[in-house]
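Enquirer: The structure that follows is given in the form of structure tokens.
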Amino acid sequence: MYTKDTIAAIATPPGKGGIGIVRVSGPLAASTANLILGSLPAERVATLSKFFDQDGIAIDQGIALFYPAPHSFTGEDVLELQGHGGPVVLNLILSRVVKIGARLARPGEFSERAYLNDKIDLTQAEAIADLIDSATVNAARGALRSMQGQFSSRVRQITDALVEFRMFIEAAIDFPEEEIDFLQDPGLIRRIDTLISDLRALSKDATQGALLREGFTIVLAGRPNAGKSSLMNQLTGKDTSIVTDISGTTRDIVDEHIQIDGLPIKLVDTAGLQQAEDPIEMEGVRRTLEQIDKSELVLLIVDVEAHHQHLAKHVDMLMTELSDGSKYLVVLNKSDLWCGEIIDLPHEYVFASTKTSDGLDELKDRIKSIMNYSGSEGVFIARARHTDALRRALEALERGKLVFDQRGSGDLLAEDLRATQTALGEITGDYSSDDLLGKIFSTFCIGK
Ligand SMILES: Nc1nc2c(ncn2[C@@H]2O[C@H](COP(=O)(O)OP(=O)(O)OP(=O)(O)O)[C@@H](O)[C@H]2O)c(=O)[nH]1
Ligand SMILES: [Mg+2]
226 MYTKDTIAAI
236 ATPPGKGGIG
246 IVRVSGPLAA
256 STANLILGSL
266 PAERVATLSK
276 FFDQDGIAID
286 QGIALFYPAP
296 HSFTGEDVLE
306 LQGHGGPVVL
316 NLILSRVVKI
326 GARLARPGEF
336 SERAYLNDKI
346 DLTQAEAIAD
356 LIDSATVNAA
366 RGALRSMQGQ
376 FSSRVRQITD
386 ALVEFRMFIE
396 AAIDFPEEEI
406 DFLQDPGLIR
416 RIDTLISDLR
426 ALSKDATQGA
436 LLREGFTIVL
446 AGRPNAGKSS
456 LMNQLTGKDT
466 SIVTDISGTT
476 RDIVDEHIQI
486 DGLPIKLVDT
496 AGLQQAEDPI
506 EMEGVRRTLE
516 QIDKSELVLL
526 IVDVEAHHQH
536 LAKHVDMLMT
546 ELSDGSKYLV
556 VLNKSDLWCG
566 EIIDLPHEYV
576 FASTKTSDGL
586 DELKDRIKSI
596 MNYSGSEGVF
606 IARARHTDAL
616 RRALEALERG
626 KLVFDQRGSG
636 DLLAEDLRAT
646 QTALGEITGD
656 YSSDDLLGKI
666 FSTFCIGK
């Protein structure tokens, strides 16, 4: 439940720093300023002041900023006290604020209030957290785009067109004598088709955005000595894994984060798949299979020189370790040692040599295309929650079109249009449960 109490938190990270900020939001912000500073600073003017405790003794001296409602981040009166960034000083200031009447803010509570006061919508609030959490420059740029509303405005454009269309259909249903004419208008299917294609385009862009945020995991798997660790080292650009000509060099999981054109990837090197007898190797294989299960893409590394005679059979053996529907790509490694033709390999493959670096650029391109990644230019950040809602919105709309095509029923179409709108509303937070909000905001930092 949203109650109008006053919240406070240290908004800078724990530890020591040049500046530390205590943030206060709510109805007591102005009186808190009066009590701690001795007067209310002019609106939005950085004001140098002492910060006093209840006995009139100065705790610190710094900059105070007062943002009156509704022109603040939360939409409420906000006071920011920028003192020196030491834990003792900041805790003294925070205790003073709490004694005056504020309570400690929960994680993300400032952003939650901004959302509840309609300063930002849910995707924008999530984008703030994503900006703070971003691990790559591209993710940060994408988060900023979403924070500025690029994603929400696309959702709203479609929602507006949908609402207008729903009004049209519902009017047709309400006047049954005219319904037939209305619903036989060929323009109607065109309107549904436009909505479907707009939603598909948005869904595609959001999937790029989710990739940018969440990245994905690629496992390097294959027989011992195929060159998995050599490929790992080529892709990470350093000596991540031990490489030797002894079969069974890698016995444990080694992982490393890389980027391909801004696409964040967790690369996992594994122990070679084999009929192991030694308990260490058996455990290595078990771990490899566990990683394969958790990954989004498996690179099946094959020593092409050693296996060119029974390539298809060799790949089939590796394939038995994948679960149904796993994405995979065959890498025919050690191409420098072999120059024959490949016939009859019924799988997508790339020729590569970790020794000469041949084929590595093509490998990267294939990885991007398998993951449907077309670059981060102009991409806004998104989350799995959003792509899931877009998928449901699209499903409902396509179902509506199908049923309407088959039976010409306006009622059923209206029902599916409503479901589409609800799914879209979940993205921006127009329809959201307290559970969902709790889940989203609790992952934010304190003071944000
Ligand atoms: N000529 C050639 N040799 C390669 C190539 N890739 C790897 N090798 C050699 O193959 C041997 C095995 O390479 P690794 O990268 O350790 O192979 P692995 O698949 O990690 O092997 P395990 O850890 O034992 O499962 C090493 O001697 C590498 O130098 C390649 O593209 N060309
Ligand atoms: Mg290895």
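In the numbering used here, the protein residues as written are 226 to 673. Cβ atoms here follow ideal geometry from the backbone N, Cα and C, with glycine treated the same way.
1) From the DSSP output, in three-state form, read off Met226 for me.
2) Quick one: what does DSSP say His296 is sitting in, helix, strand or coil?
3) Taking Cβ positions, are Leu675 and Val575 nearer each other than 7 Å?
4) Assign Ile235 to one of three DSSP states: helix, strand, or coil.
5) Output the distance between the C-alpha atoms of Gly310 and Pro238, rounded to the nearest integer angstrom.
6) At the level of alpha carbons, what is the spacing between Glu620 and Asp230?
7) With DSSP as the reference, label Gln349 as helix, strand or coil.
8) Is it buried or exposed, Ala360, if we count other Cβ atoms within 10 angstroms and call 16 or more buried?
9) Around the C-beta of Met372, are 16 or more other C-beta atoms found within 10 angstroms, so that it is buried, or is it exposed?
10) To the nearest angstrom, how far is it from the Cα of Ile505 to the Cα of Gln516?
11) By how many angstroms is the C-alpha of Arg381 removed from the C-alpha of Asp399?
12) Check whether the Cβ of Val463 sits closer than 6 Å to any heavy atom of ligand 2, and report yes or no.
13) Below 8 Å, can you find three or more Cβ-Cβ pairs linking the region 601-608 to the region 426-441?
14) By the 10 Å Cβ neighbour count, where 16 or more other Cβ atoms means buried, how is Thr475 classified, buried or exposed?
15) Pick helix, strand or coil for His572, following the three-state DSSP scheme.
16) Should Glu301 be flagged as near chain B, meaning a C-beta pair shorter than 7 Å?
17) Have a look at Lys580, Gly308 and His296 and flag the residue whose alpha-carbon is nearest the alpha-carbon of Gln459.
18) Entirely within the region 371-406 and at least 4 residues each: give me those alpha helix (DSSP H) ranges in chain order.
19) Under DSSP, the alpha helix (DSSP H) around Pro199 begins and ends at which residues?
20) For Asn363, which three-state DSSP category applies?
21) Looking at the structure shown, is Phe605 part of a helix, part of a strand, or coil, going by DSSP?
22) Take the Cβ of Asp660 as the centre, count every other Cβ of all protein chains shown within 10 Å, and call the residue buried at 16 or more, exposed below.
23) Our contact map puts Phe189 next to Gln286 with C-beta atoms below 8 Å; I'd like the distance itself, whole angstroms only.
24) Sorted by chain position, which residues of the same chain lie with C-beta nearer than 7 Å to Leu514's C-beta, five sequence neighbours on each side aside?
25) Would you kindly work out how many angstroms separate the C-alpha atoms of Gly497 and Phe669, rounded to a whole number?
26) What do you reckon, is the C-beta of Asn316 under 6 Å from a heavy atom of ligand 1?
Expert: Let's see:
1) Any reading at Met226 must be qualified, since the residue scores a pLDDT of 48, below 50, and its modelled position is unreliable; no value is offered.
2) DSSP, read as helix, strand or coil, puts His296 in coil.
3) Since the first residue shown for the chain is 226 and the last is 673, residue 675 is missing from the structure and cannot be characterised.
4) Three-state result, Ile235: strand.
5) Approximately 9 Å, taken between the alpha carbons.
6) Each residue's alpha carbon lies about 42 Å from the other.
7) Three-state result, Gln349: helix.
8) Ala360 counts as exposed, since fewer than 16 other beta carbons sit within 10 angstroms of its beta carbon.
9) Met372 counts as buried, since at least 16 other C-beta atoms from the protein chains shown sit within 10 angstroms of its C-beta.
10) The straight-line gap from Cα to Cα measures roughly 17 Å.
11) Spanning the two alpha carbons is a distance of roughly 26 Å.
12) One detail in the question is off: residue 463 reads as Lys in this sequence, not Val. Result no, Cβ not under 6 Å from ligand 2.
13) In this structure the region 601-608 lies against the region 426-441, because at least three pairs of beta carbons, one per stretch, are closer than 8 Å.
14) Flag for Thr475 reads buried.
15) In the structure shown, His572 sits in coil (DSSP, three-state: anything other than H, G, I, E or B).
16) Absence of chain B from the displayed structure is noted, only one protein chain being present.
17) With distances taken between Cα atoms, Gln459 lies closest to Lys580.
18) Correct list: 375-399.
19) Outside the shown range of the chain (226 to 673) lies residue 199, about which nothing can therefore be said.
20) In the three-state reduction of the DSSP assignment, Asn363 falls in the helix class, which pools H, G and I.
21) For Phe605, the secondary structure class from DSSP, reduced to helix, strand or coil, is coil.
22) Result: exposed.
23) Residue 189 is absent from the structure shown; the chain starts at 226 and stops at 673.
24) Here the set comprises Glu546.
25) Each residue's Cα considered, the two are about 40 Å apart.
26) Ligand 1 has no heavy atom closer than 6 Å to the beta-carbon of Asn316.
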